[in-house]
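Notes to accompany the following structure.
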Amino acid sequence: MSSSDLVRRALAYLGCRTSPDDRLVSLVGECLAEAERLAHFRAVGEVFSRRLPFLQNAPYLQFLEGCAEYALVAMTLGSEAELRVRALMKVDPARAVVLDACASALVEAEGDKWEERFRKNRTFRFCPGYGGSSVSDNAFIFEALRPERIGMQLLPSGMMAPQKSMAGIIGIGKQGTRTCSGCMAAAGCKFFREGGVCYRSEQSSS
Amino acid sequence: MLSLGTKLIIMDGGMGSELERAGLGAHDPMELNLTHPEAVRAVHAAYAAAGADIITCNSFGLNRIKYRGKYPLEELVRAAVENAQSAGREVFFDVGPTGALLAPVGTLTFEEAYEAYAEIARLTSDMVGGYIVETFSDLYEMKACLLALKEHSTKPVFATMTFDRTGRTLTGSTPEIVALTLEGLGADALGVNCSLGPEELFPIVERILAVTRVPVIVQPNRGLPVLREGRTVYDLSDDEFFTWAQRMQRAGVAILGGCCGTTPATISRLSRLAGKKVRAHRSHPQTAVCSAVKYVAFDGVRVCGERLNPTGKPKLRDAIRAGDTDYLIAEALRQEEAGADLLDLNLGVPGIDEAAAMERAVRAVQECCTLPLQLDSSDVAALERGARAYNGIPLLNSVNGEDAVMDAVFPVAKKYGAVVLGLTMDEKGVPRTARERAKIAVRIMERAAQYGIPRHKVMIDTLVLTASAQQPLVRETLGSLALVRKMGVKTALGVSNVSFGLPARPLLNRTFLAAALANGLTMPILNPMDAEMTGTVHAFRVLSCEDGGAAEYIARYGAQADAAPPQTEESLFECVLRGREKEARRLAEQETAHTPPMQVVENILVPALQKAGEGYAQGTLYLPQLLACAEAAKAAFAVVGEKLGGGGVSRGKVVLATVRGDVHDIGKNIVKVVAQSHGYEVIDLGKDVEKERVVEAVLSEQPLAVGLSALMTTTVASMEETIAALRRAGCKAKIFVGGAVLNAELAAQIGADFYTADAPAFAAALDKLQ
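Quick mapping for you: the protein sequence lines, in order, are chains A and B. Quick note on the numbering used here: the first sequence kicks off at -15 and runs consecutively. Quick note on the numbering used here: the second sequence kicks off at 757 and runs consecutively.
And the structure:
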């Protein structure tokens, strides 16, 4: 993903639906460079053909329909950017939220790039919590991949630490793109209300 | 007995992959110690036969935090040791990370990690020959582990961490930081394991060898992992692995073994190097301190920021007394931004528990600020608590030539690997002559050596006296700097003391600073926000050739002529709305000079904030702009507060917390900033907050409102419990909830008074409660 795509994605995470002013765009550029300096992207993944029991239920059944294989993946940007966001929150909160959005954009983009190792014919990354699935299903992905070895931890609440971490399922052998229908933020989402998507940069680039 | 540091020692290789090869991949590898001891023993026997000098127990996941299975930990630990002993070699217990992340990223505390490792040491110390601590990626967890093992066992500890391709651990520590810290904490060998293949690790190993004299251990993976038929495999040949191992041995590595993907065949090749003499490596011990992510060597002028010292700073004193660590953090971050290399931290306020305050402040500051710290106290207990809590290698300020002081402080410095600042004075006071001060410096270094503290771990402060009272002694301070420099020892001075009692202090200060630098001062302790003083340092770095090609100087000052900020034509209202903090402060000063302060609040600040809130709701103003506006309003409020005197402007108290189990607090922090900008006093309890703490804060503070935040459905339950507890305790404050999964309906269901969708809505709702 080009850096202008990353800037677009970070701006979208900040809620920008119209053209932002130059000051904000340049702040995003600076924070993106800082996020890249502080990033420790690491990922683990494995391809399975036999369905693990938790995938035998909706909505996974539907998501993996027609896939002979699937991959489980877990990835993180590490904790340095997160700590910097915490620090900035105390002295420069505007920069803090921009850095946070940039770190989110970066881990997504790095994750997309890393997933290219799986076949071209694959779905997007479906993460527990989407589409009526439960975040507690992250526990099954952790059991299968042991992403503790790349510095990730599953907390009892089902959240992951560091915060810029993802765990998900990729169907192999068919294509499927993301929709908003399962997003937990959809109800209050201004993009959704206006018929847009927050991840438009990724659509336009694919 | 092991020939540590003299002859090359061979460790064994991967255990998990061998057990998988034996068809046991589906089992918990730790439980195999009990359920399939013969399989574990077979792997150990194969490594012993391959020539490993040390056999590592199959115990990587055996600690109370990581292992949650059905067997008692003690039984598994014993079985793991006995299985390893069956190979008939020296046995080391394998200590892995807890798998839990330390706060603030995770929820594990330093003490919990320490206790888990102390338990391991208590269980095993009598049974094993030593410990191999490996695959750690967090320096702080490593410190907890090393302290626990060293305090509960006398057996040798080999300590290794993992690095990524950028040459940093996952939490950002460089090889130099790792080497300095692990050596300081008394590791018997230190180095790197897992991470990458030997080729990729080689540059990291060289960097470690360059800064430590402790034996270096390397246990690489068998190359980089590749995905084959959906599975991760390692496919570097044993020959190639051996070639790189040979290069490492030649570079000075003392212990070699293997990690992921290595097999008895790999170790068999490696064992051809067994018994080879450990080559002396050319390390250059430096006087250096570090935080977890920043290494500061005193190989040039390094500025120590002096602002975290309450002497003469009533606001800081009040903050320390109130336990307000946010104030300290902001002051630390401002000095970092201004270019300080390290920061002095002094909590010396009468009537407080200074040791407890030091520990709290160290934890708070190091979470946010990347600079190394100088722990500054005359209370040895405070130095000890601070050094123990510190993540890295601190500077301890200070000892002097008095035996009692040295005998109290040096053991602390030795134990935590700290650099010590020695003041050239003793029970008789500050000597008048440079020569006598240099003599005390020698005495301090000799005494340090008796405690096993080498010369490069001592710095000397030759003490500044005031030019107004003791004019002739200023020259003696400079003279003693030169004498100490000749001994090859680094120096420090609190520069601005020189000008007390005289006019135009900055002039004297910067002149004295220049003279001191010319006489060999390494670490001026000064205010890094003072552009005259830091400018003198930058200029000196050019003149002394430290700033090669004057590159930094040009970068800093070259564009200065064009950089004068244009005077704005905007009003205070516009500046607040546009988030121009400095201008808002300046204009607030102007406004309050001729308008009653509260009118400025009512007629300008509140309307500007309301307009910002509306813009945010309409989507013409975005979150960063809203927060910049909030900061500008806060700056203006501070001016108004100063004009009003007393406690400043407070429109009421608000208690905020992210509920137990929830660690995502950016939303709550945004609410905090916006509420503060509206003039509310926020008591921020942080994240993962137990309901009892919320109740306690609400009862003691009697706030106008309580705001609770939760991100996930799983933590809404904990929000509901907190609300119930508040109601039971008779909470009169209005209870607000917010967070990604909340809505008005759910808020009503769990018993909250209000749901607000975002920060401006929360502030607007608070305004209506008034």
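Idealized CB from N, CA, C, for every residue including glycine.
Using a threshold of 8 angstroms, state whether the C-beta atoms of residue i and residue j are closer than that.
i         : j         : result
B:Cys813  : B:Asp784  : no
B:Leu1089 : A:Ala123  : no
B:Ser1024 : B:Gly807  : yes
B:Ala738  : B:Ala943  : The requested residue 738 of chain B is not part of the displayed model; chain B covers only 757 to 1526.
B:Asn949  : B:Thr968  : no
A:Ser117  : B:Thr1470 : no
B:Thr837  : B:Thr891  : First, the residue type needs correcting, since residue 837 of chain B is Val and not Thr in the sequence shown. No.
A:Met143  : B:His1420 : yes
B:Pro1352 : B:Phe1329 : no
B:Ala935  : B:Ile964  : yes
The alpha helix (DSSP H) that contains residue i, what's its start and end?
i         : result
B:Cys1331 : 1328 to 1333
A:Ala(-4) : -13 to -3
B:Met1475 : 1469 to 1484
A:Ser120  : It is not in any alpha helix (DSSP H) - A:Ser120 carries neither H nor E in the DSSP assignment.
B:Tyr1313 : 1307 to 1313
B:Thr1292 : 1287 to 1299
B:Leu983  : Counting along the chain, B:Leu983 falls outside any alpha helix (DSSP H), though it belongs to the beta strand (DSSP E) covering 981 to 984.
B:Asn1425 : 1422 to 1433
B:Ile1149 : Premise fails: B:Ile1149 is in no alpha helix (DSSP H) and is neither H nor E.
Which residues in the same chain have their Cβ closer than 7 angstroms to the Cβ of residue i, if we skip the five residues on either side of it in sequence?
i         : result
B:Leu829  : Leu818, Arg820, Tyr823
B:Lys1367 : Leu1333
B:Tyr870  : Ala900, Leu903, Ala904
From the DSSP output, read off the bridge partner residues of residue i.
i         : result
B:Pro976  : B:Cys950
A:Arg26   : A:Thr60
B:Gly1463 : B:Leu1412, B:Phe1492
B:Asn1156 : B:Leu1179
B:Tyr1372 : Paired residues: none, contrary to the question.
B:Lys763  : B:Lys1033
B:Cys1046 : B:Tyr1051, B:Ile1149
Whose C-beta lies closer than 6 angstroms to the C-beta of residue i among residues of the same chain, with five residues either side of it excluded?
i         : result
A:Glu186  : Note that A:Glu186 has pLDDT 44, beneath the 50 cutoff, so the model's placement of it is unreliable and the number below is only indicative. The answer is none, since no qualifying residue turns up.
B:Leu1129 : Leu1099, Leu1101, Pro1150
B:Leu1029 : Leu764, Gln1005
B:Ala1238 : Asn1275, Gly1276
B:Glu1446 : Arg1416
A:Arg184  : Because the pLDDT at A:Arg184 is just 49, under 50, the model does not fix this residue reliably, and the value given afterwards should be weighed accordingly. Contacts found: none.
B:Ala801  : Ala843
B:Glu1437 : Ser1406, Lys1409
Note down, in chain order, each residue of its chain lying with its Cβ closer than 8 angstroms to the Cβ of residue i, except the 5 sequence neighbours on either side.
i         : result
B:Ile1076 : Pro1066, Leu1084, Leu1103, Val1105, Ile1108, Ala1113, Ala1117
B:Met1215 : Thr1043, Phe1054, Leu1151, Val1175, Val1176, Leu1177, Gly1178, Val1245, Lys1246, Thr1247, Ala1248, Thr1278, Met1279
B:Ala1496 : Gly1423, Leu1467, Met1468
B:Phe1518 : Val1427, Val1430, Ala1431, Gly1463, Phe1492, Gly1494, Thr1512
A:Cys0    : Leu8
A:Leu11   : Ala78, Arg79, Val82
A:Gly157  : Gly50, Cys51, Ala52, Glu53, Arg103, Asn105, Arg106
B:Leu780  : Leu788, His792, Ala795
A:Leu16   : Ser(-13), Leu(-10), Val(-9), Ala(-6), Cys86, Ala89, Leu90
Mind checking which residues open and close the beta strand (DSSP E) that includes residue i?
i         : result
B:Cys901  : Where B:Cys901 is concerned, there is no enclosing beta strand (DSSP E), although the alpha helix (DSSP H) it sits in stretches over 895 to 908.
A:Glu100  : Premise fails: A:Glu100 is in no beta strand (DSSP E) and is neither H nor E.
B:Gln1526 : Premise fails: B:Gln1526 is in no beta strand (DSSP E) and is neither H nor E.
B:Gln1130 : 1129 to 1132
Relative to the alpha-carbon of residue i, which residue among the options has its alpha-carbon at the smallest distance?
i         : options                                    : result
B:Glu868  : B:Tyr896, B:Arg1449, B:Gln1432, B:Gly1148  : B:Tyr896
B:Ala1094 : B:Lys1171, B:Asn1156, B:Leu1127, B:Thr1218 : B:Leu1127
A:Ala55   : B:Glu985, B:Cys950, B:Glu932, B:Val1136    : B:Glu985
B:Val1045 : B:Glu932, B:Leu864, B:Phe958, B:Gly825     : B:Glu932
B:Arg1312 : B:His1294, B:Gly1031, B:Gly772             : B:His1294
A:Met59   : A:Ala85, A:Gly152, A:Glu14                 : A:Gly152
A:Met150  : A:Leu90, A:Asp5, A:Phe32                   : A:Leu90
B:Glu1192 : B:Pro1262, B:Pro959, B:Thr1180, B:Val972   : B:Thr1180
B:Tyr1372 : B:Arg1334, B:Ala1481, B:Thr1018            : B:Arg1334
B:Ser1236 : B:Pro1259, B:Gly1031, B:Val1220            : B:Val1220
A:Glu66   : A:Ala23, A:Phe108, A:Ala42, A:Asp76        : A:Ala23
B:Pro1459 : B:Ala1489, B:Leu1299, B:Glu1476, B:Glu1448 : B:Ala1489
Would you say residue i touches the ligand GDP, meaning its beta carbon is less than 7 angstroms from a heavy atom?
i        : result
B:Arg978 : In the structure shown, the ligand GDP is absent, as is every other ligand, since no ligand is present at all.
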